[in-house]
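Numbering-wise, full-length UniProt numbering puts 214 at position 197 of the sequence shown, and it's gapless, one number per residue.
Below: the structure, in structure tokens.
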Amino acid sequence: GALRGVVAIDGPAAAGKSTTARGLALLSGAAYLDTGAIYRAVAWAVLRDGLSPEGGQVADLAGRLDIDISVDPSLGQQVTVDGERVEAQLRSRQVSEAVPSVASHPIVREAVHQIQRNVIARLVASRGGIVVEGRDIGTVVAPEAGLKVFLTASDDERALRRSRQEGVTTWNGIMAVRQALLRRDTRDRNRAVSPLAKAPDAVEVDTTSMTPAEVVDRLVSLADERGMLRLAAHPPVG
Ligand code: CDP
Ligand code: CDP
Numbered sequence: 018g019a020l021r022g023v024v025a026i027d028g029p030a031a032a033g034k035s036t037t038a039r040g041l042a043l044l045s046g047a048a049y050l051d052t053g054a055i056y057r058a059v060a061w062a063v064l065r066d067g068l069s070p071e072g073g074q075v076a077d078l079a080g081r082l083d084i085d086i087s088v089d090p091s092l093g094q095q096v097t098v099d100g101e102r103v104e105a106q107l108r109s110r111q112v113s114e115a116v117p118s119v120a121s122h123p124i125v126r127e128a129v130h131q132i133q134r135n136v137i138a139r140l141v142a143s144r145g146g147i148v149v150e151g152r153d154i155g156t157v158v159a160p161e162a163g164l165k166v167f168l169t170a171s172d173d174e175r176a177l178r179r180s181r182q183e184g185v186t187t188w189n190g191i192m193a194v195r196q197a198l199l200r201r202d203t204r205d206r207n208r209a210v211s212p213l214a215k216a217p218d219a220v221e222v223d224t225t226s227m228t229p230a231e232v233v234d235r236l237v238s239l240a241d242e243r244g245m246l247r248l249a250a251h252p253p254v255g
């Protein structure tokens, strides 16, 4: 691929992280890792086993889980938990509600960080570059990233984006989506271990009035400015 190194993209829910991280990865032939899907996979298993997301049994479960993740942006991310393909179930209301509690257990974060660091090292070695998106990538998971971006958008815009994505069109429905999203952000910002935060050296991009294509173009120029892109200026000869 044309991307060299790690691009870290963090930000609150529905800021456009997945869409634009995937766009940058596709454009630059890099791998793409959605780290939220791994926390969602742990939360899915917590619900599968009928455990309380806050309870101490979550830590034991996290140690036993076998989570596998594929990172080809053209395939869409595939996630396997104990041999079962789960990606289609990861964005349910129940999982979204449970995930901030599950993700605040230090042992869960340690286990998930290990999975992430393995994927990042493997893909930088095999493909040259990877775009990683989440809450704590620039701060904790990949502080060495060559480019760190903190994506934001206004609360109203994010509520509308997530509502559109979920096919919610009524006023009450949109207000409920907004409330759930802001509640999750608050919990992600306030947890003790690797909270949602902008790294001091991250570039903040407010996407409120940008299209996804405009955000991808901005990411491309930020990566290019840092010498991370080897885009062919001329067609290869021979
Ligand atoms: O797509 P959306 O932004 O709504 O959520 P996500 O990226 O799938 O993340 C789901 C949840 O996983 C977040 O609300 C966090 O609780 C947790 N998460 C985290 O703690 N650290 C990350 N690097 C990524 C996600
Ligand atoms: O990953 P994250 O939760 O940050 O957001 P996403 O799932 O990538 O984006 C949420 C929705 O907003 C998607 O349907 C995107 O197409 C849309 N979006 C947008 O309308 N304008 C942008 N600049 C970025 C995303």
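The beta carbon of each residue, even a glycine, is placed where N, CA and C say it ideally should be.
Identity of the residues DSSP links to residue i by a beta bridge
i, result
"Glu221", "Phe167"
"Ser87", "Gln95"
"Asp77", "Note: Asp77 sits in no beta bridge, so no partner."
"Ile26", "Glu150, Val166"
"Leu20", "Leu246"
"Glu231", "In DSSP, Glu231 forms no bridge with anything."
"Glu101", "Val98"
Proximity test, residue i beta-carbon vs ligand 1 heavy atom, cut-off 7 Å
i, result
"Gly184", "no"
"Pro123", "no"
"Asp89", "no"
"Asp153", "yes"
"Lys34", "yes"
"Arg175", "no"
"Asp205", "yes"
"Ala54", "yes"
"Ala120", "yes"
Contact under 8 Å by Cβ, residue i with residue j
i, j, result
"Ile124", "Ala58", "no"
"Val148", "Ile26", "yes"
"Val24", "Ala162", "yes"
"residue 17", "Arg178", "There is simply no residue 17 to check, as the chain begins at 18 and stops at 255 in what is shown."
"Gly33", "Pro229", "yes"
"Gly244", "Gly146", "no"
"Ser211", "Arg126", "yes"
"Gly18", "Gly53", "no"
"Val61", "Val112", "Note that residue 61 corresponds to Trp in the displayed sequence, not to Val. Yes, they are a contact pair."
"Ser143", "Thr225", "no"
"Asp99", "Leu82", "yes"
"Val96", "Val103", "yes"
"Val166", "His130", "no"
Start-to-end residues for the alpha helix (DSSP H) that takes in residue i
i, result
"Val148", "No alpha helix (DSSP H) holds Val148; the beta strand (DSSP E) holding it covers 146–151."
"Val116", "110–119"
"Gln196", "188–207"
"Gly40", "34–45"
"Ala176", "172–183"
Any non-hydrogen atom of ligand 4 within 7 Å of residue i CB
i, result
"Tyr49", "With respect to ligand 4, the structure offers nothing, as its ligand set consists of ligand 1 and ligand 2."
Check: residue i C-beta below 7 Å from any heavy atom of ligand 2
i, result
"Val148", "no"
"Ala31", "yes"
"Arg181", "yes"
"Met227", "yes"
"Gly190", "no"
Start-to-end residues for the beta strand (DSSP E) that takes in residue i
i, result
"Leu50", "48–51"
Q) Any contact of the stretch 111–118 with the stretch 192–201, i.e. 3+ C-beta pairs under 8 Å? A) yes
Q) Does the pairing of the stretch 212–231 with the stretch 27–42 give three or more beta-carbon distances under 8 Å? A) yes
Q: Decide if the stretch 187–197 is in contact with the stretch 231–249; the criterion is three or more beta carbon pairs, one per stretch, under 8 Å apart.
A: no
**Q.** the stretch 38–47 / the stretch 227–244 touching (three or more Cβ pairs under 8 Å)
**A.** yes
Q. Within the chosen definition, does the stretch 71–78 reach the stretch 98–108 through at least 3 CB pairs nearer than 8 Å?
A. no
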